[in-house]
Structures are given as structure tokens and as C-alpha cells.
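For reference, the structure discussed in these notes is given below.
2 protein chains.
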Amino acid sequence: MAERPTSPHRRTNDPEGLRQRLVDTAYAAFTTRGYHSSALHELKRDAGVTGGALAHHFPTKRALGLAVIQDRVAEAVELTWIAPVRAAMTTAEGIQEVFATIISELERKGAVSGCPLNNLALELSREDEAFQAAIEAIFLRWRTAIADKLRADLRSDSIDDFDAEAMATLVVAAYSGAMAMAKASQSVAPLKICGEQLTSIIQNQTSQGHRA
Amino acid sequence: MAERPTSPHRRTNDPEGLRQRLVDTAYAAFTTRGYHSSALHELKRDAGVTGGALAHHFPTKRALGLAVIQDRVAEAVELTWIAPVRAAMTTAEGIQEVFATIISELERKGAVSGCPLNNLALELSREDEAFQAAIEAIFLRWRTAIADKLRADLRSDSIDDFDAEAMATLVVAAYSGAMAMAKASQSVAPLKICGEQLTSIIQNQTSQGHRA
DNA sequence: TTAAATACAGGACAGTTGTCCTGTTTTGTC
DNA sequence: GACAAAACAGGACAACTGTCCTGTATTTAA
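Going down the list, the sequences are from chains R and S.
Residues 11 to 222 in the numbering used here are what the first sequence spells out, letter by letter.
Residues 11 to 222 in the numbering used here are what the second sequence spells out, letter by letter.
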């Protein structure tokens, strides 16, 4: 399996690499099969590390879970949501693009394992204060990024009674919930529908005044 | 603890009652602490039943989980969502009322344990086909009930390009996601915001034509 | 009344889990 | 090169989990 240079008992330490490999493996397991359903012996096998190495880097499973959230889940939200929305012309276009990307990726792999953040949020929020704080922080950054983009949309033709924070909250909630429904039905249909609905609503509300 | 009529070894069989007590206890545990985090010995203690009784009514934990979903979760969605929406004058009013009821109940108890259906959906959908089917069926009934009510709203002043199914999907998704965010932040704020946003959007789209 | 079926009691059991502990190897530092 | 610290190996261990099994009490049917 692993490369054996020449001598039978040769080892080369790579603490940083091993840690990354562990967190990567744990991220994949925790976000697909769940935190409690992923046994450490499976992670050790999949990552190719021994019990001693695991205990050295992460004294408890909880510490590993926390690292997964803070390192990988936060990064995933940044890469798949925040960055594309920021880079897009308008918020609506950004959201449309994000949904399209995620949908096509799910169709390619043929299974819906759900939103990593949402999966861990529902499983771990009430279990530990540190988990809750880490998850809440990611939700906040996500929401804030969308709200900022919405406010930027309004710079040109400013509309008074438009609450960017509220709309950003709706976007994040609708996406999270749509992904939950997609996971339950193992179909991307809820995502398609909610993506279209959200972009349509935002375009209406940001292009011109609405009610009242 | 339990009533002892007079003689020391007197027992009175109540299979139906015992079953209900078990499912109730399991529903409370599964929807707050989670399915995997709830050990059977805790359920036995809380419900006041022995291992033999449990095994007699539910041969496996999986069978108990399935009963919780089909009996209690489905009923909870019916009582807290479907019935109030059906009884309301309009869909928007119904949704507003549902959100208000849930929010005030959460504020009273001081903690957010999340939407029972959503909690179990994310934890169990990918674990078992029977779980997935049962959960998907509840989502479908929920969505359909809202869509029916939306179509009823339009009877008077019919609007052509209004997709009731799509809006119902958005409503369910937004609620589920908002509850997930509420659980992560242990605050009802996301629910308040999404409730207001949804009712506002629906009122706009059902009262008069929108874009195009 | 009797016999069979149902309902329940209570514990045994094997498998699994996360953690810890004792050694060995590698790496940095003087 | 010596030495301490870090990095890893590999297994022991106790606690816990779900399931099953044998026995007893209650209810039902005849």
C-alpha cells in the first residue's frame, strides 16, 4: 500500500500531512455517514494511520470533529457559496450559478448526501457548546456574505424597504432545507425548484419596488 | 414508582398502552438527542419497560425508529402544520400563524431542538431504504397540503404563471432550513425572519400579477 | 377447566466503541 | 554525536450497545 523505500523498517515523519489526511478522511465520513456513525477504527483504516498517530494529533474524537468543522466545513462553504456569489455580477446570478453547480455535481455522482454544514449542525449543535459556536460562526459568515452582496446590488437603484439581512437568511434557510428534502427524496428536484424561486424573487425585489 | 394494587406480584397487561408509551418516549429521545445517541437502555428506563417487553413489541431498534416516524412524526407535521394551514383563511395567514405558534412555544421552553422530521431525515435518510421512504412520504404530504391551499387561494383571482408546487416546496424548505439555523444559534430569530419573508412573498404573488 | 398464545421479566452475550498506555522511531538542537 | 522532544506503532481495556434467550405471568379460546 504505502511506499517502502528499500529497508523494511523505514519511516518518514510528516505530521502536517498526516493531520491533513486525517481531517480529510474524517470530513468525508462525518458529512456523508454522520459523526456518530463513523467509527474511529474506520477512519484509521481509510486514512492509513495507527491509533498512536491519531491519539497524538487528536486526543479525542471531539477534537477531530471540531477540526473538521473549523477547517474543512468552513472552507467548503467559502468555496462553494461565498466566493462564487462574491464573484458574480449580481446576487441572483451568483445564487443561480451556485445551485446549478451543486445540482450538476450531485447528478454526476448519483447520490445526495446533504449539505455538510447542515448535516453536522443538526447532529452536533446540541451536543457540545464548542460545536455549536463553530457551526453558528459559519452560518453567520455565509449569511453576511450574501447580505453584503445584496446591499451591493442596491447601490445603483436603491430601494428603501428592502431588508438584505432578512433575504440572506431566507436564501441560506431555503438552500439548507432544499438540500434536506433532496437528501430525503434522493433527488435534485427540490434544489432546482428553490433555486429558481429564490433567483426570481430576488430579481423582482431588487429590480424595482414591490408592494406598499 | 408504578402502582402496586395490593399483592406483591400482580401484573396487568396493557400491550397497546405499553406500545404507545414506548413510541412516545422514543419520539422524544430521537427528535431531541438523535436516533443513534439514544441508547435503548435509556428508553427502557424512561418508559419504565423491561427488555423483554421492548423486544416483544419491537424486535429491533430500527423497527422502533420506523414506528416513531410513521406514527408520531407524521402526526406532528399534521397537527402543527397541515391542519392549521388548511383551517386558515389564506395560505399566508396560515403560515404566519404556524410560525407564530412554533416561535412562542420555543421561547417558552427556552431551547431549540429542531424540527423532528428534519432531524430524523438528515440522520436516517441514507441509512435505510424504509426510513427514507417513510420520511419522503411525510415531506410529500406536507408539500402537497400547502400547494393545495395555495391553489385554493387563486380560485378567486386566478393568476396564470404562479407555480403552487414550487412555492410550497420553497415554504417547506425555508422552514426546515430556518429551524436548522435556529438550532445552530439557539435563537428563534431565523424563524421569525423567514416567516415574515415567506408570508410577504406569498401575499405579493397571490394578490396581483408579478413580473413579466 | 385447560391448553395455547400472548405479554412481559430479567439477564446473558458478543460485538463495537473511544480512550489510554507502553514502547519504538524519527527529528530537531546543542 | 548526544539527548530530549516530537511523531508514530500497536495493542489493552473498560464501558457501552443492540440482540437474543430462557423463564414466568397473564390473557384468550375451546
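Glycine included, C-beta positions come from ideal geometry on N, C-alpha and C.
Within chain S, the residues that residue i reaches when beta carbons sit closer than 8 Å
| i | result |
| --- | --- |
| Met-177(R) | Gln-207 |
| Ile-211(R) | Ile-211 |
Proximal chain R residues relative to residue i, where beta-carbon distance stays under 8 Å
| i | result |
| --- | --- |
| Phe-149(S) | Met-191, Ala-194, Ser-195 |
Residue-level contact to chain R via CB, residue i, 8 Å cutoff
| i | result |
| --- | --- |
| Thr-22(S) | no |
| Tyr-37(S) | no |
| Val-182(S) | yes |
| Leu-132(S) | yes |
| Pro-200(S) | yes |
| Ile-92(S) | no |
| Ile-203(S) | yes |
| Thr-216(S) | no |
Cβ-based neighbour list, residue i, same chain, cut-off 7 Å, excluding 5 preceding and 5 following
| i | result |
| --- | --- |
| Gly-219(S) | Note that Gly-219(S) scores 48 on pLDDT, short of 50, meaning its location in the model is unreliable and no value can be drawn from it. |
| Val-78(S) | Val-33, Ala-36, Tyr-37, Phe-40 |
| Lys-159(R) | Val-95, Arg-96, Thr-101, Gly-104 |
| Val-87(S) | Leu-127, Ile-148, Trp-152 |
| Val-181(R) | Ile-105, Ile-156, Leu-208 |
| Ile-113(S) | Val-198, Leu-201, Lys-202 |
| Thr-42(R) | Ser-123 |
Neighbourhood of residue i by C-beta, 6 Å cutoff - its chain only, sequence neighbours within 5 removed
| i | result |
| --- | --- |
| Ala-84(R) | Ile-148 |
| Thr-209(R) | Ala-102, Ile-105, Gln-106 |
| Ile-211(S) | none |
| Gly-124(R) | Met-189, Lys-193 |
| Phe-141(R) | Leu-134 |
Chain-ordered neighbours of residue i on chain S, where CB pairs are closer than 9 Å
| i | result |
| --- | --- |
| Arg-165(R) | Result: empty, since nearest Cβ-Cβ is about 22 Å, beyond 9 Å. |
Assigned exposure category for residue i - 16 Cβ within 10 Å defines buried
| i | result |
| --- | --- |
| Lys-193(R) | buried |
| Met-189(S) | buried |
| Asp-24(R) | exposed |
| Gln-215(S) | buried |
| Gly-187(S) | buried |
| Glu-26(S) | exposed |
| Glu-133(S) | buried |
| Gly-205(R) | buried |
| Met-99(S) | exposed |
| Ala-162(S) | exposed |
| Leu-64(S) | buried |
| Leu-74(S) | buried |
| Ala-49(S) | exposed |
| Thr-179(S) | buried |
is_contact[residue i, chain S] using C-beta, thresh 8 Å
| i | result |
| --- | --- |
| Gly-104(R) | no |
| His-46(R) | yes |
| Gln-142(R) | yes |
| Ile-113(R) | no |
Under 7 Å from the C-beta of residue i: neighbouring residues of chain S
| i | result |
| --- | --- |
| Ala-188(R) | Ala-183 |
Where residue i meets chain R, residues with beta-carbon distance less than 9 Å
| i | result |
| --- | --- |
| Arg-136(S) | Thr-42, Arg-43, Gly-44, Ala-121, Val-122, Ser-123, Gly-124, Lys-193, Gln-196 |
Same chain, Cβ closer than 8 Å to residue i, neighbours up to 5 away in sequence not counted
| i | result |
| --- | --- |
| Thr-60(S) | Lys-54 |
| His-66(S) | none |
| Leu-116(R) | Val-122, Ala-192, Val-198, Leu-201 |
| Thr-44(R) | Note on residue identity: the sequence assigns Gly, not Thr, to residue 44(R). Around Gly-44(R): Asn-129, Glu-133. |
| Glu-52(S) | Ala-39 |
| Ala-224(R) | Any question about residue 224(R) goes unanswered here, given that chain R covers just 11 to 222. |
Neighbour list for residue i in chain R, Cβ cutoff strictly below 7 Å
| i | result |
| --- | --- |
| Glu-146(S) | Ala-194, Ser-195 |
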